[in-house]
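Number of protein chains: 4
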Amino acid sequence: MTAAPTEPISRRRAPRGSARRNIVAAATELFARRGYEATSVQEIVAAAAVTKGALYHWFGSKSELLTSIYRELLAEQTARLREIADGPGPVAERLRAAAADVVAHTAAHVDELTVWARSAHLIDGEHADATRRERRRYHDLFRDLVLEGQSAGVVRTDVSATVITHTFLSALGNTHTWFHPDGPLTFTEVGHQLVALFVGGLRPPEPSASPTPADDRSEPRA
Amino acid sequence: MTAAPTEPISRRRAPRGSARRNIVAAATELFARRGYEATSVQEIVAAAAVTKGALYHWFGSKSELLTSIYRELLAEQTARLREIADGPGPVAERLRAAAADVVAHTAAHVDELTVWARSAHLIDGEHADATRRERRRYHDLFRDLVLEGQSAGVVRTDVSATVITHTFLSALGNTHTWFHPDGPLTFTEVGHQLVALFVGGLRPPEPSASPTPADDRSEPRA
Amino acid sequence: MTAAPTEPISRRRAPRGSARRNIVAAATELFARRGYEATSVQEIVAAAAVTKGALYHWFGSKSELLTSIYRELLAEQTARLREIADGPGPVAERLRAAAADVVAHTAAHVDELTVWARSAHLIDGEHADATRRERRRYHDLFRDLVLEGQSAGVVRTDVSATVITHTFLSALGNTHTWFHPDGPLTFTEVGHQLVALFVGGLRPPEPSASPTPADDRSEPRA
Amino acid sequence: MTAAPTEPISRRRAPRGSARRNIVAAATELFARRGYEATSVQEIVAAAAVTKGALYHWFGSKSELLTSIYRELLAEQTARLREIADGPGPVAERLRAAAADVVAHTAAHVDELTVWARSAHLIDGEHADATRRERRRYHDLFRDLVLEGQSAGVVRTDVSATVITHTFLSALGNTHTWFHPDGPLTFTEVGHQLVALFVGGLRPPEPSASPTPADDRSEPRA
DNA sequence: GATGAATGAGAATTCATTCAT
DNA sequence: AATGAATGAATTCTCATTCAT
Chain P
1 MTAAPTEPIS RRRAPRGSAR RNIVAAATEL FARRGYEATS VQEIVAAAAV TKGALYHWFG
61 SKSELLTSIY RELLAEQTAR LREIADGPGP VAERLRAAAA DVVAHTAAHV DELTVWARSA
121 HLIDGEHADA TRRERRRYHD LFRDLVLEGQ SAGVVRTDVS ATVITHTFLS ALGNTHTWFH
181 PDGPLTFTEV GHQLVALFVG GLRPPEPSAS PTPADDRSEP RA
Chain V
1 MTAAPTEPIS RRRAPRGSAR RNIVAAATEL FARRGYEATS VQEIVAAAAV TKGALYHWFG
61 SKSELLTSIY RELLAEQTAR LREIADGPGP VAERLRAAAA DVVAHTAAHV DELTVWARSA
121 HLIDGEHADA TRRERRRYHD LFRDLVLEGQ SAGVVRTDVS ATVITHTFLS ALGNTHTWFH
181 PDGPLTFTEV GHQLVALFVG GLRPPEPSAS PTPADDRSEP RA
Chain S
1 MTAAPTEPIS RRRAPRGSAR RNIVAAATEL FARRGYEATS VQEIVAAAAV TKGALYHWFG
61 SKSELLTSIY RELLAEQTAR LREIADGPGP VAERLRAAAA DVVAHTAAHV DELTVWARSA
121 HLIDGEHADA TRRERRRYHD LFRDLVLEGQ SAGVVRTDVS ATVITHTFLS ALGNTHTWFH
181 PDGPLTFTEV GHQLVALFVG GLRPPEPSAS PTPADDRSEP RA
Chain R
1 MTAAPTEPIS RRRAPRGSAR RNIVAAATEL FARRGYEATS VQEIVAAAAV TKGALYHWFG
61 SKSELLTSIY RELLAEQTAR LREIADGPGP VAERLRAAAA DVVAHTAAHV DELTVWARSA
121 HLIDGEHADA TRRERRRYHD LFRDLVLEGQ SAGVVRTDVS ATVITHTFLS ALGNTHTWFH
181 PDGPLTFTEV GHQLVALFVG GLRPPEPSAS PTPADDRSEP RA
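Pasting the structure below:
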């Protein structure tokens, strides 16, 4: 199942002008640098060198603009994860690959992801719901891989696949709050360590009680 | 008979308690539910059944109100962690206890923590800086415990203590985005699993390359 | 797979009829329901399933569209009134027929008439002036019939023909503010009563002072 | 039953400053001269020499401002009508007095009434509903007087009291569309004629069929 | 300790209209 | 005869904060 097209209503045709592209680029940059709420529509159009009317021609609202940016990212990330999950190789290998891919994608789009993490809660309406559903699908894809690992006996079963998935994705989704490019570790190194931590954490525990948890269905809210 | 003298659009009073306490309670609730930026001072005073003047009497600004809420929490959390860290017992035990305490405290104050996580980036000024420094101290306290574990050989050394700390705290700090009280697991169960995952993840990996990483100093940004 | 190319916010097409007719129909309905000012050109074209370009191809402006709708109606109504006024029969009979015709025509076109009554004051320019002159001619036609009745002694002369005319046309033009199809009376019944009231009101009063008023020339403003 | 106070929420106390008064005066004048929709909030505050914030402190919205102006008028008019209706004297006399009073009040407030007549349809929400209910009460008061006249045998019964009431009030409410101060008749003269026409129209018709119409309950919409 | 009217700058959004295609 | 992206100016409304009382 491919991601639903991100557009609101209407017809298909590649924009002749570059207005839409400029708007997205400017908004991405500004949202990342100053935050969604602290960026005014006026600033976006000024940076994109278009008029307000043009922005509202392409996006129904400021929040739809934010949502659009995130949905494009999410669609791409989902496609990649699906490819890995459906690929060949032992599940342990695919799990490691999936984790590494999340790390890489996160690194490549910290800005956009940061903005969404901070401001998603301000968005409501149809678009937001659709986005949350898509995000939910992404999560489920990852969780299914963990479940497969549990079935294969390579992933501990005393922690639910859902908790494992959320933990890993949360840790990743929060790097922006602490990672500093000027720190002693590069993002690549941090990424390796995160993958190692994740993979290591999956190993079944030493002999001790390990009740198989219910395969729960906690829903992501954002 | 002419219409009664007309009045401005405004608040509505209710039997009052302690003004300051009411303000904090109302603000906490509203910030958590709608977000800091989406909550107006007007709404806070209406919910707290006080006037704007009263709010500005107790808090210098809206952002100081947010900061105050978080600082109180942070102080409490820091004190508890310090007690655990400085307590008796083997480091492995203290690590587990610290993790469990973070989980418990997080559960008890999701709202306040969520708000800060989402909106800290909007705040600046003295108060905010001080708060960030305090938050940094909290993080360092936890990391030092991890370092102690690494020295004692009970914690893997191929992942930096900083990364371990951030990972755990991030996973915890994000529970609000996915935990559902109606889901199959109670928060207590999820908490247990998170601690297990954390503790399990700390174990040194099977024989493989494990270069001791530099004890980096990545600074938390928020 | 990346998201499909994104598209602007806009209209949606439906199987088309005659563009111009569709536009008029859609505009009439929307203007009547929500008001002229509260209806955007965008909404009109959406409802008519045409594009903005098409609307501006047929009508020079939004106000010209409104004017056009009303002028067509007015022309028809004027032609009918002229026929009745110039017809055979005693003036009393023609007066009653004219009143009945106004009632019938009003009933058939409440929407269009309502819109004009409410929004004519917003319109200016050549077209609007011409329309107001035409409307004036319609009024004069009716008034002349009343004057003829006064000369013939079948209509009271203590009230000026102008006041009589305006009163009757106003009462008619306002039915939309109070008539309810679900009420106890059908529009036909209400119409009969209005004609009866009009005709009855024309009778000369019982013996009392009745100075013949100047045949004034108060001009309709809208 | 007195008219409900026109204010939105909140407490009572006479405004210290003259801001509110100035706003109402400026708005009344501008709405009358240019129309409600054609008058911007900016123009109102400029004319009232207050800031936008002050306007929104006293009125929740532009439409609430319009509604307030009308409601005050309506309350006054209702009070006067009630006094007349409940007064002493034969019903025929009270009917004439009521009509004369409506004419006088209309003359004194053409501007405000014109604005409401033209723009009421743009207003919705709570305030508008309340206003329509109040207007409905006014209408009922008048109609009850007509009904009393019908019972007493001084008013024709072949036309329903509701239709009579609406007709008279509509004719009055529409004077603004045609009366010209520069015309041959003063408003006082026109008023006298309208009252004469109304009173004359009430007389039972010459011998002819006159079925007592159902005492209908058509609801005014505006 | 508190009030609440007033500020003033700026926010998002709407809209009739144009014009290159 | 029609398209639809783009315009640009204006619109209503919000909001944290102040200050005379």
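Chains as they are written, first to last, in the UniProt record's numbering: chain P, 1 to 222; chain V, 1 to 222; chain S, 1 to 222; chain R, 1 to 222.
Cβ coordinates follow ideal geometry from the N, Cα and C atoms, glycine included.
As the structure is a prediction and not an experimental result, all values here were calculated from the model.
Practice item. Return the first residue and the last residue of the alpha helix (DSSP H) that Val146 (chain R) is part of. Key: 126-152
Point to revise | Inter-residue spacing [alpha-carbon to alpha-carbon] between Val163 (chain S) and Asp124 (chain S) | key: 26 angstroms
Review point. Residues of chain P with a CB under 9 angstroms from the CB of Gly173 (chain V): which are they?
Key: Ser170, Asn174, Thr177
Practice item. Taking His192 (chain R) as part of the alpha helix (DSSP H), name the residues at either end of that continuous run. Key: 187-202
Exercise for review: Please report the residue range of the alpha helix (DSSP H) in which Phe59 (chain V) lies.
Suggested key: Counting along the chain, Phe59 (chain V) falls outside any alpha helix (DSSP H), and DSSP gives it neither H nor E.
Point to revise | Cross-chain neighbours of Pro205 (chain V) in chain P, by beta carbon under 8 angstroms | key: Ala196, Gly200
Check your understanding: Where does Lys52 (chain R) land, buried or exposed, given buried means 16+ other C-beta within 10 angstroms?
Key -> exposed
Practice item. May I ask you to check if the CB of Ala100 (chain R) is nearer than 6 angstroms to at least one heavy atom of the ligand ATP? Key: With respect to the ligand ATP, the structure offers nothing, as it holds no ligand at all.
Point to revise | Distance between Arg133 (chain R) and Pro88 (chain R) (C-alpha atoms, nearest Å) | key: 28 angstroms
**Study point:** Member of P:Asp111, P:Asn22, P:Gly60 whose CA lies at the smallest distance from the CA of Glu43 (chain P)
**Key:** P:Asn22
Exercise for review: Please report how far the alpha carbon of Glu76 (chain R) lies from the alpha carbon of Ile69 (chain R), in whole angstroms.
Suggested key: 11 angstroms
Check your understanding: Between R:Leu141, R:Ile84, R:Val45, which lies nearest to Leu65 (chain R) when the distance is taken from Cα to Cα?
Key -> R:Val45
Point to revise | Within 7 angstroms, strictly: CB atoms of Arg71 (chain P) and Thr114 (chain P) | key: no
Point to revise | Cα-Cα separation between Ala79 (chain V) and Asp111 (chain V), rounded to whole angstroms | key: 20 angstroms
Check your understanding: Counting Cβ pairs, one atom from each stretch, are 3 or more of them under 8 angstroms apart for the stretch 172-189 of chain P and the stretch 168-184 of chain V?
Key -> yes
Exercise for review: Let me know the secondary structure DSSP gives Tyr70 (chain S) once reduced to three states.
Suggested key: helix
**Study point:** CA nearest to the CA of Arg135 (chain R), picked from R:Ala117, R:Val146, R:Gly149
**Key:** R:Ala117
Check your understanding: Is any beta-carbon of chain R found at less than 7 angstroms from that of Ser151 (chain S)?
Key -> no
Point to revise | Nearest-angstrom Cα separation, counted from Glu93 (chain V) out to Val102 (chain P) | key: 32 angstroms
Review point. Exposed or buried, which one is Gly200 (chain V) when buried takes at least 16 other CB atoms within 10 Å?
Key: buried
Review point. Thinking C-alpha only, which one of P:Leu141, P:Val190, P:Asp86, P:Pro90 is nearest Leu74 (chain P)?
Key: P:Leu141
Point to revise | In chain order, each alpha helix (DSSP H) run of at least 4 residues that lies wholly inside the stretch 156-185 of chain P | key: 161-173
Review point. When you compare each of V:Ala120, V:Gly149, V:Ala19 to Val91 (chain V) by their alpha carbons, which one comes out closest?
Key: V:Gly149
Review point. When you compare each of P:Leu95, P:Glu37, P:Ala47 to Val154 (chain P) by their alpha carbons, which one comes out closest?
Key: P:Leu95
Point to revise | Beta-carbon neighbours of His57 (chain R), restricted to chain S and to distances below 9 angstroms | key: Near His57 (chain R) there are no residues of chain S at all, since even the closest Cβ is about 26 angstroms away, more than 9 angstroms.
Check your understanding: Cβ of Val146 (chain R) within 7 angstroms of Cβ of Thr165 (chain R)?
Key -> yes
Review point. Under a Cβ-count criterion, where at least 16 other Cβ atoms within 10 Å of its own Cβ denotes burial, should Ser119 (chain S) be classed as buried or exposed?
Key: buried
Practice item. Under 8 angstroms between beta-carbons, which chain S residues line up against Gln193 (chain R)? List them in chain order, please. Key: Asp158, Val159, Ser160, Val163, Pro213
Check your understanding: In chain V, which residues lie with their C-beta within 7 angstroms of the C-beta of Ala38 (chain P)?
Key -> Leu122
Review point. In this structure, does DSSP put Ala49 (chain R) in helix, strand or coil?
Key: coil
Practice item. Kindly list the residues whose CB is nearer than 8 angstroms to the CB of Ala104 (chain R), restricted to its own chain and excluding five residues on each side of it in sequence; keep chain order. Key: Gly191
Exercise for review: Could you check which residue in R:Ala85, R:Ile84, R:Arg20, R:Thr106 has the C-alpha nearest to that of Thr188 (chain R)?
Suggested key: R:Thr106
Practice item. Please list the partners that His166 (chain V) has in chain P, where partner means a Cβ-to-Cβ separation under 7 angstroms. Key: Trp178
Review point. Considering only residues of the same chain and omitting the five flanking positions on each side of Ala14 (chain S), which have a CB-CB separation below 8 angstroms?
Key: Only weak support is given to the placement of Ala14 (chain S): the predicted model assigns it a pLDDT of 40, under 50, and the value that follows is read from those uncertain coordinates. Once the five neighbours on either side are set aside, the close Cβ partners of Ala14 (chain S) are Ala49.
**Study point:** Member of P:Arg34, P:Ala47, P:Ser40 whose CA lies at the smallest distance from the CA of Ala25 (chain P)
**Key:** P:Ala47
**Study point:** Contacts of Ile35 (chain S) in chain R (Cβ-Cβ under 9 angstroms)
**Key:** Correcting the residue identity first, residue 35 (chain S) is Gly in this sequence and not Ile. Result: Glu37, Ser119, His121, Leu122.
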